[in-house]
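Worksheet for the structure shown next.
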Amino acid sequence: MAVRLNKKVLCFIDEYGTAGTAPFHLGAVFVLASEAGRLDKGFSDLLEANANEIHAVNLTDAYLQGLLGRLRAGSHLDRVVMVNQKFPVQEGDPPVLYAQAVVETVKIGLKRFRPVLGRDSVSNVDVITDVNQHNNYPSFAGELERARRDDGRFRGVNRVVRLDSAASRLLQLADVVAYARKWIVAEEFNARGLGERFGIELL
């Protein structure tokens, strides 16, 4: 009997804020590896031809909301899960806190991604996170290895890769997703509105 292939899932993660302080949010974009190119092109096509790296904090809310709205309207998000998770102020080693936040966000996001695959478990996952002030430490890598060995759905993760966000439009999209909770704080949208208009789930 032929073994059904388990399709690879990519998870792109970027942050808004600093682990252990407020505000600290992670934005994550989950997509099948086979469909990542379509999403990348769909996002890139909405930007100006000469656009460099997208940093949400350097752009207006109106521009970012228009960008996400057009991306959703173009059906580029029909098989994509985007989540924004907020984390509390807490004491501890920031690289470890960041790693724990990545683990938590990935586990919940993979649970939300199950309908895309049509199955109850998700494995064969690669996590791509931006290079930042938290994830260049042995304690960050150690916490992720512990989670890959012992922590539920995170055991389905093959590897966690650090990548300069300038090299990935989908990391830049994750940055926008991380930033989007600001619109809730400013009361421009409620959580339901953020989901309905942009496809972002708040955790």
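In terms of my numbering, the sequence shown opens at residue 13 and continues consecutively.
Positions of the beta carbon are idealized from the N, C-alpha and C atoms, including for glycine.
Query - Inter-residue spacing [alpha-carbon to alpha-carbon] between residue 153 and residue 95 - result: Here residue 153 is taken as the residue at index 141 of the sequence shown, counted from 1. Here residue 95 is taken as the residue at index 83 of the sequence shown, counted from 1. Between residue 153 and residue 95, the C-alpha separation is close to 23 Å.
Query raised in the report: Out of 19, 107 and 175, which has the shortest C-alpha to C-alpha gap to residue 30?
Result: Here residue 30 corresponds to residue number 18 of the sequence shown, with the count starting at 1. Looking at the Cα atoms, 107 is the closest of the given residues.
Query raised in the report: Would a C-beta distance cut-off of 8 Å place residue 32 and residue 104 closer than the cut-off?
Result: As a working mapping, residue 32 is identified with position 20 in the sequence shown. As a working mapping, residue 104 is identified with position 92 in the sequence shown. Yes; because the gap between Cβ atoms is below 8 Å, this pair is in contact.
Query raised in the report: Near residue 137, which residues of its chain fall below 7 Å by C-beta distance, leaving aside the five closest residues on each side in sequence?
Result: Here residue 137 refers to the residue found at position 125 of the sequence shown. The residues are 21, 23, 122, 168, 169 and 170.
Query raised in the report: How do the segment 130 to 146 and the segment 71 to 80 stand: do at least 3 beta-carbon pairs fall below 8 Å, yes or no?
Result: no
**Report entry** Between the CA atoms of residue 189 and residue 89 - distance to the nearest angstrom
**Finding:** Position 77 of the sequence shown, counted from the first residue, corresponds to residue 89. Position 177 of the sequence shown, counted from the first residue, corresponds to residue 189. Approximately 13 Å, taken between the alpha carbons.
**Report entry** Same chain, Cβ closer than 7 Å to residue 147, five either side skipped, listed in chain order
**Finding:** Translated into positions along the sequence shown, residue 147 becomes position 135. Excluding positions up to five away in sequence, the list reads 107, 110, 141 and 174.
Query raised in the report: Within this structure, are the beta carbons of residue 92 and residue 51 separated by less than 8 Å?
Result: Position 80 of the sequence shown holds residue 92. Position 39 of the sequence shown holds residue 51. Yes; because the gap between Cβ atoms is below 8 Å, this pair is in contact.
**Report entry** Alpha carbon of residue 3 to alpha carbon of residue 201, nearest angstrom
**Finding:** Nothing in the structure corresponds to residue 3, since the chain is present only between 13 and 215.
Requested in this report: Less than 8 Å between the CB atoms is what I'm expecting for residue 65 and residue 184, so what's the real figure, rounded?
Outcome: As a position in the sequence shown, residue 65 is number 53, starting the count at 1. As a position in the sequence shown, residue 184 is number 172, starting the count at 1. Yes, they are in contact, since the Cβ atoms of residue 65 and residue 184 sit about 6 Å apart, within 8 Å.
Query raised in the report: So which of 28, 100 and 63 has the shortest CA-CA distance to residue 180?
Result: Mapped onto the sequence shown, residue 180 falls at position 168. Ranking the options by Cα distance to residue 180, first place goes to 63.
**Report entry** Helix, strand or coil at residue 208 according to DSSP, with G and I counted as helix
**Finding:** Position 196 of the sequence shown, counting from 1, holds the residue named residue 208. Note: residue 208 maps to helix in three-state DSSP.
Requested in this report: Measure the CB-CB distance between residue 212 and residue 186 and report whether it falls below 8 Å.
Outcome: Counting from 1 along the sequence shown, the entry for residue 212 is found at position 200. Counting from 1 along the sequence shown, the entry for residue 186 is found at position 174. In this structure, residue 186 does not lie closer than 8 Å to residue 212 by Cβ.
Query raised in the report: Could you give the distance in angstroms between the alpha-carbon of residue 40 and the alpha-carbon of residue 119?
Result: Taking the sequence shown and counting its residues from 1, the one referred to as residue 40 is at position 28. Taking the sequence shown and counting its residues from 1, the one referred to as residue 119 is at position 107. About 11 Å.
**Report entry** Closest by C-alpha distance to residue 42, when choosing among 157, 124 and 203
**Finding:** Here residue 42 refers to the residue found at position 30 of the sequence shown. Here the closest residue by C-alpha is 124.
Query raised in the report: From 115, 151 and 145, pick the residue whose C-alpha is nearest to that of residue 160; which is it?
Result: Translated into positions along the sequence shown, residue 160 becomes position 148. Checking every option, the nearest Cα to that of residue 160 belongs to 115.
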